[in-house]
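Report on the following structure.
Protein chains in written order, with my numbering: chain G, 15 to 454; chain H, 15 to 454.
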């Protein structure tokens, strides 16, 4: 993409309403723009990141056997009356009346609707287990929305819902999602730790939050240091092997790990002193097993092996890609701007032409641009008339993994300059060598 | 995908509320499920089609130089007061109050919001032209929603917005979108004809609807028969060549073509009798040039070459992928079900195991399934215990381009059976020959 044709309205000043670093950087880097309190447009640069995050989430959901669908944003109030949550949900639910005065709402979550879809389509235990998910915009009418897309009112959520014949089957489905989440966050370039959690308004018996560590995290977390050395499960993990899944989950949940609200001082004190880790964390995923809480009142039943109908056991599993985008920035930035992990970077390479109009610079840039694009590398080519200092500041701000600079002085010696955003010195080398380094 | 693990709750009976064939077939084929009047969930099979349509739309928008962003669904009423449309829009706008009694709405279209984003980010004519688009859910509170996703209340729309310094530039931007649309609909497997249209509530001077021909279309259309032989512009069309674009647009808009409401009997009668085509059509796209209708009241101005600020000239360009899914079915079905064009088929191959549990059938199917998946072909593998007649009926209903049947009798002679959904006899051949035919 040529910057001269792109839409990247960088802000040089940090907007004063932004209280946390990810909010400031996302506004400054023209990733998002606020359209109302807690409601954001995703500008082109931000959307590229959001889509890369969603794609990784989707791939790992599919790998774990979950099946993608897409539910609408607007739901009937009557559906929520079936579960009893319509009145219970409170002011965070955006309640709407249509032109015929029918009571509707903008879905804050989809337990009721997916239960309705399941009960209409599945009759027998032979069709279980099932896990259906979607990636869709939700709305929670926060009283005081803030922190940008970290706590927005309209937000993107991947929510999966599992259906099993009994509690034992539901536990396997739960474990599949734990493994999928561990893989997902590792691929997103984050260290995420599952921590026991309260079930809140979703309800249920068993719940884990996935917390990533970030200096600027929203809450204190306490855990065993060995988590930092754990490797995520491999891509060829067998999701049909219940025992293997349980072993992975046991490994990741047997050591102490807790957020502030679930913290147990005594249990933490029992860890050897050199293994105690106190840090800040950000919640990036939340999973629940809640048994028959929805299937019973909503009559989502199947015929079991003995012919008797039983309500299915359910769980739900959420990751918010819009929130994750902000969380990654909280975990990975410096004073110059964002430092994107490769997997979610909006472009892999920022190609900077220091002197557009100079025949040698233009030719070298066009050649590098064409070769990188042909190799399938996402490149943002700064072909604008901005000053070099401004170009470098923009590249630091938007945080692309590689910066490749072409200037008239270097070209005299057949050299361009390559630098990693994550650190290390700029290196002078031939265009061919720079290409090889980037293509790695 | 193994059908035993998929979610495909086929309906054997046509639901009585469905008045048109696409609505009946989409419900029966478990592509969609109604969650409220005019509000549908996209079940897994339907979502695959919707995503394939959106991907083709996106590729052609990008090819034409449009840049993708993503605006939120909920908008501020005050934004619409700037253009004067908040009061003018009427009951089709879903008006909402949040917990602080602020007036909001669920966006039916995005002229106001994109104008706000543009005016905040662009200052100079040097940054023009720009075309920003998104693919997002919209809501229009139809008084009597019907015809399934053909006229739903919550619907998916790709809407692009162009910004130019003057009317001449805007005409080039308009032509780019005409060319992109011609390519888009051809790739979707449809014959679409641009027809002059009323501008309606969007306003403006110049507008075309893109109409596809379908026996069950919603309205009568009248056009020159030569349209049927026109080829869509090639993939390497030069979107920077204003003259070349104009020549393409001239070719596609110089012959007579009109919907009922714009029909001119006299002009139609002037066409040679053997070239007059009267048919039924479905609107699948609508584009507008409306000059400074929004930029003037909303002060979306740039500094021109002479330094004076001028309001930009705008156009908007819509395609509804959810509506297109239904329109394709209206244009391509038979009494047995849907006949998907290859480009948007949810799976390319339906692999039918006539006797699961039979060692030879299972082995042959697993081998074919693995080889097709390895070749990157989307396969739906029916490994269920259903009767053969029911399996064939399901495959006809869901309309996958190829049906590959493995049964014990054929395997004795080393043969499987291959059939195209679009027509032609079933052919007996070796598994290897069948693979080669499908991989083409």
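Where a beta carbon is used, it is the ideal one built from N, C-alpha and C, also for glycine. Given the structure is predicted, the values throughout are model-derived calculations rather than measurements.
Quick check: the Cα distance between residue i and residue j, rounded to an integer number of angstroms?
i                     : j                     : result
residue 131 (chain G) : residue 197 (chain G) : 28 Å
residue 154 (chain G) : residue 352 (chain G) : 28 Å
residue 210 (chain H) : residue 265 (chain H) : 14 Å
residue 186 (chain H) : residue 101 (chain G) : 54 Å
residue 97 (chain H)  : residue 149 (chain G) : 33 Å
residue 436 (chain G) : residue 415 (chain G) : 7 Å
residue 413 (chain G) : residue 322 (chain H) : 36 Å
residue 312 (chain G) : residue 120 (chain G) : 20 Å
residue 53 (chain H)  : residue 168 (chain H) : 6 Å
residue 191 (chain H) : residue 302 (chain H) : 10 Å
residue 164 (chain G) : residue 373 (chain G) : 45 Å
residue 223 (chain G) : residue 201 (chain G) : 18 Å
residue 133 (chain G) : residue 316 (chain G) : 8 Å
residue 390 (chain G) : residue 319 (chain H) : 37 Å
residue 233 (chain G) : residue 262 (chain G) : 26 Å
residue 248 (chain H) : residue 193 (chain H) : 10 Å
residue 139 (chain G) : residue 305 (chain G) : 16 Å
residue 333 (chain H) : residue 23 (chain H)  : 29 Å
residue 343 (chain G) : residue 61 (chain G)  : 15 Å
residue 127 (chain H) : residue 431 (chain G) : 40 Å
residue 375 (chain H) : residue 425 (chain H) : 7 Å
residue 3 (chain H)   : residue 433 (chain H) : The first residue shown for chain H is 15 and the last is 454, placing residue 3 (chain H) beyond what the model contains.
residue 455 (chain G) : residue 109 (chain H) : Since the first residue of chain G shown is 15 and the last is 454, residue 455 (chain G) is not available in this structure.
residue 73 (chain G)  : residue 447 (chain H) : 32 Å
residue 324 (chain H) : residue 387 (chain G) : 37 Å
residue 159 (chain H) : residue 270 (chain H) : 32 Å
residue 206 (chain G) : residue 296 (chain G) : 9 Å
Can you tell me whether residue i is buried or exposed, with buried defined as 16 or more other CB within 10 angstroms of its CB?
i                     : result
residue 87 (chain H)  : buried
residue 145 (chain H) : buried
residue 289 (chain G) : exposed
residue 401 (chain G) : exposed
residue 257 (chain G) : exposed
residue 112 (chain G) : buried
residue 453 (chain H) : exposed
residue 124 (chain G) : buried
residue 114 (chain H) : exposed
residue 189 (chain H) : buried
residue 399 (chain G) : exposed
residue 286 (chain H) : exposed
residue 268 (chain G) : exposed
residue 2 (chain H)   : Residue 2 (chain H) is absent from the model: chain H starts at 15 and stops at 454.
residue 78 (chain G)  : buried
In the DSSP assignment, find the alpha helix (DSSP H) that holds residue i and state where it starts and stops.
i                     : result
residue 96 (chain G)  : 91-97
residue 76 (chain G)  : 58-77
residue 195 (chain G) : 181-201
residue 48 (chain H)  : No alpha helix (DSSP H) contains residue 48 (chain H), which is instead part of the beta strand (DSSP E) from 46-50.
residue 258 (chain H) : 256-267
residue 385 (chain H) : 373-388
residue 445 (chain G) : 445-453
residue 403 (chain G) : 402-412
residue 36 (chain G)  : 35-42
Can you tell me where the beta strand (DSSP E) holding residue i begins and where it ends?
i                     : result
residue 328 (chain H) : 327-333
residue 424 (chain H) : Premise fails: residue 424 (chain H) lies in the alpha helix (DSSP H), 422-426, not in any beta strand (DSSP E).
residue 363 (chain H) : 363-367
residue 315 (chain G) : 315-317
residue 430 (chain H) : 430-434
residue 393 (chain H) : 393-396
residue 109 (chain H) : 108-111
residue 271 (chain H) : 271-273
Could you tell me whether any non-hydrogen atom of the ligand MN is closer than 6 Å to the CB of residue i?
i                    : result
residue 59 (chain G) : What this structure holds is no ligand at all, so the ligand MN is not there to describe.
Check your understanding: Which runs of the beta strand (DSSP E) fall wholly inside the stretch 120-191 of chain H and span at least 3 residues, in chain order?
Key -> If only complete runs of 3 or more residues are kept, the stretch 120-191 of chain H shows the beta strand (DSSP E) at 144-153 and 168-178, in order along the chain.
**Study point:** Start-end ranges of the alpha helix (DSSP H) lying completely within the stretch 276-301 of chain H, minimum 4 residues
**Key:** Counting only runs of 4+ residues, the alpha helix (DSSP H) found wholly inside the stretch 276-301 of chain H occupies 279-283, in chain order.
**Study point:** Inter-stretch contact (C-beta, 8 Å, three-pair minimum) for the stretch 353-363 of chain H and the stretch 236-250 of chain H
**Key:** Contact annotation: the stretch 353-363 of chain H does not touch the stretch 236-250 of chain H, with fewer than three C-beta pairs closer than 8 Å.
Exercise for review: Report yes or no: do the stretch 17-30 of chain H and the stretch 43-62 of chain G share at least 3 C-beta pairs separated by less than 8 Å?
Suggested key: Between the stretch 17-30 of chain H and the stretch 43-62 of chain G, the count of Cβ pairs shorter than 8 Å is below three; the stretches do not touch.
Exercise for review: Kindly provide the ranges of any beta strand (DSSP E) runs that are 3 or more residues long and lie completely inside the stretch 206-238 of chain G, ordered along the chain.
Suggested key: Taking only runs of at least 3 residues, the beta strand (DSSP E) segments lying wholly in the stretch 206-238 of chain G are 206-210, 220-227 and 233-238.
Point to revise | Contiguous beta strand (DSSP E) assignments of at least 3 residues, all confined to the stretch 334-359 of chain G | key: Taken in chain order, the complete beta strand (DSSP E) segments of 3 or more residues contained in the stretch 334-359 of chain G number zero; there are none.
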